[in-house]
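A quick write-up on the structure given underneath.
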Amino acid sequence: MNRPIVTRFAPSPTGMLHIGGVRTALFCWLFARKHGGRFILRVEDTDLTRSTDDNIRIIEAGMAWCGLDWDEGPVAGEPSRWVGPHGPYRQMMRMDSHYKPAVQKLLDEGKAYRCRCTREDIEARRAAVEAAGKVFQYNRGLDAGKGCRDKGFNGSIPAAVRLKMPESGDIVLHDLIKGDIAFPADSLDDWIIARTPDGADGIGVPTYNFCVVVDDVDMEVTHVIRGDDHVNNTPKQIALYAAFGHDLPAFAHVPMILGADGAKLSKRHGATSITEYQAMGFLPSAIRLALARLSWTPKIDGRAVETAEEELLTDAEMIQLFDLADVQKSAARFDMAKLEWMNQKLIQRATWQEIEPHLAAFMPDAWKTKPDDWKAKAIQCTQKGKNLKEMAGFLEFCWAAPTEFDEKAVEKFMTDAIKPVLREVVALEDYAHDALEAAFNRILEAHGLKLKDLAQALRVALCGKPVSPPIFDTMALLGREEVAARVGKWV
RNA sequence: GGGGCCAUCGUCUAGUGGUUAGGACACCGCCCUUUCACGGCGGCAGCACGGGUUCGAUCCCCGUUGGCCCUACCA
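Residues are numbered in our numbering as their position in the first sequence, beginning at 1, plus a constant of 56.
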């Protein structure tokens, strides 16, 4: 009776991995991890026209990059392999083994029936009903008696299969986030569970709502956590569970993520695919945090997180604190500014070793040849950046001497008074931070100048512009020889 | 059209039948400072509207408006 918690994320490979999907996956993952359960990745590729292997790879890679590891599911990049006892985890590979027998069973038990209505039939009937100002429902209302429900057709002619839905009463969904939602049975009609097959007979490819239920039952999913755009599908699925005689899992429908203008998050709001966020230089940990905090308010001892410090939860804290009861019912707008803030904070908190593998992707090949202590310094002095891309930008001066110089800066800082000082700097040999500082103090005092004057002039010579990491770090990163070469041109 | 969901600062949100309606991000200002940043301090700003219930509603009920979802042999 004490079944382990099992959640699943079931994307359809019809395009990029959407940020909203990642959030749903994250909630499933957090919930499973919190309860020591299993998290399943299942690919819903029954949309024959849009599903592709490339899209499946994109999903696998996106999930892996986000750190959402799955206990059961496909082996990334290997279509014919999977881990877990309930495979395969791609629906098209489960046709003959799972779905068709399940459809046949319902047919045999009289809970479903073959429907020979063609699309054209249905369209004509729909038009007729709508012309009368009514809502079309298959075999109901004005369409009553026109469907195939009681015709008892066999499979001798290719036919779709419809589920017999209850005609009265309410189907109620006990949602862990939304509460109880009742759907009048008479608002639903007999829906198609299997499409018309191409061949002469048999059973066609089952539809989404059917496969989901068969899979969730087979995979022993205990908690169906998904986007609330599925709320209206749930009564159909509940009826199917009933037809099969299976217990219902718990349902939790998480609110949508909207764009800044309140419309559904789409391409025109900027980035929607997880890959784009990766390319913008966000840390996966920041994506997880930002996504989790959309619609979810962590409570510490019953009190919502308050300070900025508390907002910056680690994965371990999120897992420990996660509770569906603290998930909002309403949709949330995606706030890029907050993501950037979180990203910056997490960059500041991370060790250089944690950042390096992510930062490397934004670096030129020369990065790889640098020793660890150099990388450590380079990362430490750019951890003020908002994202990895910006950090990489701060280090551009390391890879090539500047070829262009900021005119205003040259005019302002490359004064005649500073040149003799620059000559003394070139002669310096000890580049340890404290040694440089001591030497600078001595030189500056002798010339009656301020550090600012020297530092800015050096920045112009070294970087071509008056902006760089702290000047002693900048010099150390370049090394004595390179500093001498770049400054030498000005004296 | 029908069905469903939702509604506190610009954004994410806390919250209670009586509160100066709290926090975070953003924004603005000041401070710090070797540049850019970081950081510190402070400030601006909100209960969608209309009815009820009540001594009293941001909170409870109804309605309106608005937003989103579903309404496929898509998922």
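For glycine and all other residues, C-beta sits at the position ideal for the given N, C-alpha and C.
Worksheet item: Any idea what DSSP makes of LEU219, helix, strand or coil?
Response: strand
Practice prompt. Thinking VAL99 and ILE112 are a contact (beta carbons under 8 angstroms), I'd like their distance in whole angstroms, please.
Written response: 6 angstroms
Fill in: Three-state secondary structure assigned by DSSP to LEU86
helix
Practice prompt. In the DSSP assignment, find the alpha helix (DSSP H) that holds HIS22 and state where it starts and stops.
Written response: Residue numbering for the chain in the displayed model covers 57 to 547; residue 22 lies beyond these limits and cannot be assessed.
Fill in: N-terminal and C-terminal residue of the alpha helix (DSSP H) that HIS414 is part of
408 to 415
Worksheet item: How far does the alpha helix (DSSP H) with PHE266 in it reach, from first residue to last?
Response: 264 to 274
Item to complete: Let me know the secondary structure DSSP gives GLY283 once reduced to three states.
Response: strand
Practice prompt. Using 7 angstroms as the cut-off, classify the Cβ of ALA348 as near or not near the heavy atoms of the ligand FAD, replying yes or no.
Written response: The ligand FAD is not part of the structure shown, which contains no ligands of any sort.
Item to complete: Entirely within the region 112 to 194 and at least 4 residues each: give me those alpha helix (DSSP H) ranges in chain order.
Response: 156 to 164, 175 to 187
Item to complete: Taking only the alpha-carbon atoms, compute the straight-line gap between TYR155 and ASP274 and give it to the nearest angstrom.
Response: 11 angstroms
Discussion item. My output table needs one value for VAL539: the three-state DSSP class, helix, strand or coil.
Written reply: helix
Discussion item. Once DSSP output is grouped into helix, strand and coil, what is the label at ALA348?
Written reply: helix
Discussion item. For a quick check, are the C-beta atoms of GLY123 and PRO340 less than 8 angstroms apart?
Written reply: yes
Fill in: CB contact flag (ALA348, MET312, <8 angstroms)
no
Discussion item. Measuring straight from C-alpha to C-alpha, what distance separates GLU396 and GLU537?
Written reply: 37 angstroms
Discussion item. Quick check on DSSP: helix, strand or coil for PHE528?
Written reply: helix
Worksheet item: Can you tell me whether DSSP reads SER322 as helix, strand or coil?
Response: coil
Worksheet entry | Neighbour-count burial assignment, LYS545, 16 or more Cβ in a 10 Å radius | exposed
Discussion item. Can you tell me whether TRP455 is buried or exposed? The criterion is at least 16 other CB atoms within 10 Å of its CB, across all chains shown.
Written reply: exposed
Worksheet item: In terms of residue numbering, what span does the beta strand (DSSP E) encompassing PRO476 cover?
Response: Looking at the DSSP string, PRO476 is not in any beta strand (DSSP E); the run it does join, the alpha helix (DSSP H), is 475 to 483.
Worksheet entry | THR63: first and last residue of the uninterrupted beta strand (DSSP E) it sits in | 62 to 65
Fill in: Extent of the continuous alpha helix (DSSP H) run through VAL466
463 to 469
Worksheet entry | Beta-carbon contacts of GLU223 that lie in its chain and below 7 angstroms, excluding the five residues immediately before and after | ALA241, ASP242
Worksheet item: Can you tell me whether DSSP reads VAL516 as helix, strand or coil?
Response: helix
Fill in: DSSP three-state assignment for ALA360, whether helix, strand or coil
strand
Practice prompt. Could you pull the start and end residues of the alpha helix (DSSP H) that LEU395 belongs to?
Written response: 392 to 405
Worksheet item: So, is LEU219 buried or exposed, given that buried needs 16 or more other C-beta atoms within 10 angstroms?
Response: buried
Practice prompt. Mind checking who SER386 pairs with in its DSSP beta bridge?
Written response: In the DSSP output, where bridge partners are listed per residue, SER386 has none listed.
Worksheet entry | alpha helix (DSSP H) segment containing GLY449, residue limits | 444 to 450
Item to complete: Check THR70 in the structure and name its three-state DSSP category.
Response: coil
Fill in: Contacts around MET57, its chain only, beta-carbon distance under 6 angstroms, and the 5 residues preceding and following it disregarded
Unreliable placement is indicated for MET57, whose pLDDT of 49 sits below 50; no coordinate value is reported for it.
Item to complete: Give a yes or no on contact between the region 387 to 401 and the region 429 to 438, applying the rule of three or more CB pairs nearer than 8 angstroms.
Response: no
Practice prompt. State buried or exposed for GLU26, treating a residue as buried only when at least 16 other CB atoms are found within 10 Å of its CB.
Written response: Nothing can be reported for residue 26: it is not among the residues displayed for the chain, which extend from 57 to 547.
Worksheet entry | Terminal residues of the beta strand (DSSP E) in which ASP226 lies | 226 to 231
Worksheet item: What residues in its chain sit with their C-beta under 6 angstroms from that of PHE266, if we drop five residues either side in the sequence?
Response: ILE249
Worksheet item: Could you give the residue range of the beta strand (DSSP E) that holds ASP236?
Response: 235 to 240
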